[in-house]
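**Q**
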Amino acid sequence: MMDISIVGTGYVGLVSAAGFAEKGHNVVCVDVDEDKVELINNKKSPIYEEGLGEILSVVCDRNLKATTDLESAVNSTEVTFICVGTPSGDDGVVDLRYIRGVSADLGKILSKKDSYHVIVVKSTVIPGSTEDVVIPLVEKNSKKKASSDFGVAMNPEFLREGAAVEDFANPDRIVIGALDQKSGDMVEQIYFDFTAPVLRTNVKTAEMIKYTANSLLATKISFINEIGNMCKEMGIDVYDVAKGVGMDHRISPSFLRAGPGFGGSCFPKDVSALVYKANKIGIKPILLESVLKVNSMQPLRVFELVKEKYGPLEGVQISVLGLAFKPGTDDMRYSPAISIINSLVSSGAKIMAYDPQAIENAKKIFGDSIEFASSAEKALKDSSLALILTDWEEFKNIDYSVMKEKRVFDTRKIVKTDLLPDDVEYEGLSW
Ligand SMILES: NC(=O)c1ccc[n+]([C@@H]2O[C@H](COP(=O)([O-])OP(=O)(O)OC[C@H]3O[C@@H](n4cnc5c(N)ncnc54)[C@H](O)[C@@H]3O)[C@@H](O)[C@H]2O)c1
Numbered sequence: 109m110m111d112i113s114i115v116g117t118g119y120v121g122l123v124s125a126a127g128f129a130e131k132g133h134n135v136v137c138v139d140v141d142e143d144k145v146e147l148i149n150n151k152k153s154p155i156y157e158e159g160l161g162e163i164l165s166v167v168c169d170r171n172l173k174a175t176t177d178l179e180s181a182v183n184s185t186e187v188t189f190i191c192v193g194t195p196s197g198d199d200g201v202v203d204l205r206y207i208r209g210v211s212a213d214l215g216k217i218l219s220k221k222d223s224y225h226v227i228v229v230k231s232t233v234i235p236g237s238t239e240d241v242v243i244p245l246v247e248k249n250s251k252k253k254a255s256s257d258f259g260v261a262m263n264p265e266f267l268r269e270g271a272a273v274e275d276f277a278n279p280d281r282i283v284i285g286a287l288d289q290k291s292g293d294m295v296e297q298i299y300f301d302f303t304a305p306v307l308r309t310n311v312k313t314a315e316m317i318k319y320t321a322n323s324l325l326a327t328k329i330s331f332i333n334e335i336g337n338m339c340k341e342m343g344i345d346v347y348d349v350a351k352g353v354g355m356d357h358r359i360s361p362s363f364l365r366a367g368p369g370f371g372g373s374c375f376p377k378d379v380s381a382l383v384y385k386a387n388k389i390g391i392k393p394i395l396l397e398s399v400l401k402v403n404s405m406q407p408l409r410v411f412e413l414v415k416e417k418y419g420p421l422e423g424v425q426i427s428v429l430g431l432a433f434k435p436g437t438d439d440m441r442y443s444p445a446i447s448i449i450n451s452l453v454s455s456g457a458k459i460m461a462y463d464p465q466a467i468e469n470a471k472k473i474f475g476d477s478i479e480f481a482s483s484a485e486k487a488l489k490d491s492s493l494a495l496i497l498t499d500w501e502e503f504k505n506i507d508y509s510v511m512k513e514k515r516v517f518d519t520r521k522i523v524k525t526d527l528l529p530d531d532v533e534y535e536g537l538s539w
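Residue numbers for the sequence shown follow the working numbering, beginning at 109 and rising by one.
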């Protein structure tokens, strides 16, 4: 078993920490956010992910602790994973300020640490960042040399929010991009108990694998959304089309569910970052630019269809069911619900919103421009339209007949229409 420190206790850092601790490693989590650290040490998860609370309640008594003290965490461990955020900056460029900060701090700490230490970048960083940003900062601040004095690897994370615990424990593959054999071997040792195949690459390739995977998945979503928009106009159900297409083993049915567009903390920022990088190196990323454009238009498409079918919207109460960018998470980052709701509010609609997990995060975004209900049924009462934006299971079969005007507009094809009362009018986004 190994002693591991993990910097950043967000979706990736905390889930990785819990997963490694569950496997028996001794894990120290580090975050600058004192509230998060306190919550974790009290066995509570600062984020919603199924199963995470249960794991923390076991490992926090055993082999996982959290601290704000990076130095003590590094000194008591042999490997440090960097899991801080890499948000989008201007024009989509990846903002590496947190990566830079941690790298400089790690350098200062390593300057005083005698034993060999490996730094593993798990955050998603554009190819070249580990070698051109992380390593120089650690070397400058430690006065030590990468490879000979300390190890470096890049180990991208592929977990999906909403299924993060399950994905971390059962990945399709483990990619380890190492600067040298010893660094890569140390990281591979951490994963000794995982059944997934391990792919060893150089550092840059590991970074690029992550961007390529996310860009391809985002492309599938924009592709099916464009097809879905055509299907709607032709009276065809895109979900039947996707089923027929996805049965082809070369294509697979995954990521072919049409909807209001992709969101979350990864796809929008990662595709934008790759587009930015491509332009910088003289490659015109025509396909990926279109993927982003289709995605930015899709929430508008939802709004236009709602306005066309149910407008004028002035004074109309709309129940928005689902705010998170996908089910199983409380994450609102880049959720298509944000621009759809803002457009509806601008048109004078009164929004009564409900989400099983994301209301607290949504309140920070919408303030008092919309109202929130504590259950789907309460949100539906007195409304003239139910607008489903996230495919939470519980929206499949609720009592839509409590509405003032019984009308449902479903962007995710989640409602079980065979169970809907006859007097409920049902319409889909792309069927
Ligand atoms: N969220 C996902 O589904 C997902 C999946 C795969 C990869 N990633 C990538 O993983 C990285 C982290 O994403 P996330 O969603 O977990 O981010 P997050 O925003 O949820 O968490 C980042 C955490 O880092 C902490 N932090 C910032 N600076 C720090 C510092 N100097 N020291 C200690 N802690 C610090 C923040 O307080 C925060 O808790 C990003 O690069 C992201 O692209 C995310």
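Think of the CB as a built atom: it goes at the ideal place given N, C-alpha and C, for glycine as much as any other residue. Note that the coordinates shown come from a computational prediction; the quantities given were computed from them, not determined experimentally.
#1: Thinking C-alpha only, which one of Asn450, Val187, Phe266, Ile335 is nearest Asp476?
#2: Of the choices Gly343, Ile329, Ile391, Lys253, whose alpha-carbon is the least far from that of Ala366?
#3: Give the secondary structure of Ile473 by DSSP, where H, G and I count as helix, E and B as strand, and everything else as coil.
#4: Given this structure, state the Cα-to-Cα distance separating Glu397 from Leu382, to the nearest angstrom.
#5: Can you tell me where the beta strand (DSSP E) with Asn134 in it begins and where it stops?
#6: Just the Cα atoms here: how many angstroms apart are Gly197 and Val532?
#7: Considering just the uninterrupted stretch of the alpha helix (DSSP H) at Ile394, what are its terminal residues?
#8: For the alpha helix (DSSP H) that Asp143 lies in, which residues bound it at each end?
#9: Assuming Thr498 and Pro435 form a contact by the criterion Cβ under 8 Å, report the distance between their Cβ atoms to the nearest whole angstrom.
#10: Alpha carbon to alpha carbon, what distance is there between Ala126 and Tyr347?
#11: Helix, strand or coil: which one does DSSP assign to Glu479?
#12: Does the Cβ of Leu395 have 16 or more other Cβ atoms within 10 Å, making it buried, or fewer, making it exposed?
#13: Pull up the distance between the alpha-carbon of Ser184 and that of Glu334, whole angstroms please.
#14: Would Leu280 be called buried (16 or more neighbouring beta carbons within 10 Å of its own) or exposed?
#15: Any residues whose CB sits closer than 6 Å to a heavy atom of ligand 1? List them in chain order?
#16: Is the separation between the beta-carbon of Met262 and that of Glu296 shorter than 7 Å?
#17: Leu537 to Val166, Cα distance in whole Å?
#18: Could you pull the DSSP bridge partners for Val516 from this structure?
#19: Can you look up Tyr442 in the DSSP assignment and give me helix, strand or coil?
#20: Going by other Cβ atoms of all chains shown within 10 Å of its Cβ, with 16 needed for buried, is Lys318 buried or exposed?
#21: In the DSSP assignment, find the unbroken beta strand (DSSP E) run with Arg365 in it and report its ends.
#22: Roughly how many whole angstroms lie between the Cα atoms of Asn505 and Gly270?
#23: Grab me the residues of Val349's own chain with a C-beta within less than 8 Å of its C-beta, minus the 5 sequence neighbours each way, in chain order.
#24: In this structure, how does DSSP classify Gln425 when only helix, strand and coil are distinguished?
#25: Considering only their Cβ atoms, is the gap separating Pro407 from Gly369 smaller than 7 Å?
#26: If you reduce the DSSP assignment to three classes, tell me which class Ser113 lands in.
#27: Please state if the CB of Ala326 and the CB of Phe375 are separated by a distance shorter than 7 Å.
#28: Count the other C-beta atoms from every protein chain shown that fall within 10 angstroms of the C-beta of Thr232, then say buried if there are 16 or more, exposed otherwise.
#29: Measure from the alpha carbon of Gly118 to the alpha carbon of each residue in Glu502, Glu416, Pro420, Ser373, then state which is nearest.
#30: To the nearest angstrom, how far is the alpha carbon of Arg515 from that of Glu146?
#31: For Thr238, is the classification buried or exposed, using 16 other Cβ atoms within 10 angstroms of its Cβ as the cut-off for buried?
#32: Use the C-beta contact count for Ile391: other C-beta atoms within 10 angstroms, 16 or more gives buried, fewer gives exposed.
#33: Between the Cα of Val115 and those of Glu130, Leu164, Lys173, spot the shortest distance and give me the residue it belongs to.
#34: Between the Cα of Lys512 and those of Ile163, Leu488, Glu158, spot the shortest distance and give me the residue it belongs to.
#35: Beta-carbon within less than 6 Å of Thr188's beta-carbon, same chain only, minus the 5 sequence neighbours each way: which residues are those?
#36: Just to confirm my understanding: we take Asp507, look at its own chain, exclude 5 residues before and 5 after, and list those with CB closer than 8 Å. What are they?
**A** Inspection of the coordinates gives the following:
#1: Asn450
#2: Ile329
#3: helix
#4: 10 Å
#5: First-last of the beta strand (DSSP E) with Asn134: 134 to 138.
#6: 45 Å
#7: 394 to 418
#8: Asp143: member of the alpha helix (DSSP H) spanning 142 to 149, first to last residue.
#9: 6 Å
#10: 36 Å
#11: strand
#12: Exposed, by the Cβ-count rule.
#13: 52 Å
#14: For the record, residue 280 in the displayed sequence is Asp; it is not Leu. Burial call: exposed.
#15: Val115, Gly116, Thr117, Gly118, Tyr119, Val120, Gly121, Val138, Asp139, Val140, Asp141, Lys144, Cys191, Val192, Gly193, Thr194, Tyr206, Gly209, Val210, Ser231, Thr232, Glu265, Leu267, Glu269, Ser373, Cys374
#16: no
#17: 43 Å
#18: Ala494, Tyr534
#19: coil
#20: Answer is buried; the Cβ neighbour count reaches 16.
#21: No beta strand (DSSP E) contains Arg365, which DSSP labels as neither H nor E.
#22: Distance from the CA of Asn505 to the CA of Gly270, rounded to the nearest whole angstrom, comes to 21 Å.
#23: Excluding residues within five positions, the ones whose Cβ falls inside 8 Å are Ile335, Cys339.
#24: strand
#25: yes
#26: strand
#27: yes
#28: Sixteen is the threshold: when 16 or more other Cβ atoms of the shown chains lie within 10 Å of the Cβ of Thr232, as they do, the residue is buried.
#29: Of the residues Glu502, Glu416, Pro420, Ser373, the one whose Cα lies closest to the Cα of Gly118 is Ser373.
#30: 45 Å
#31: buried
#32: Classification of Ile391: exposed, given that the 10 Å Cβ count is below 16.
#33: Lys173
#34: Leu488
#35: Within the same chain, Thr188 has close Cβ partners Ser113, Val182, Ile227.
#36: Glu485, Leu488
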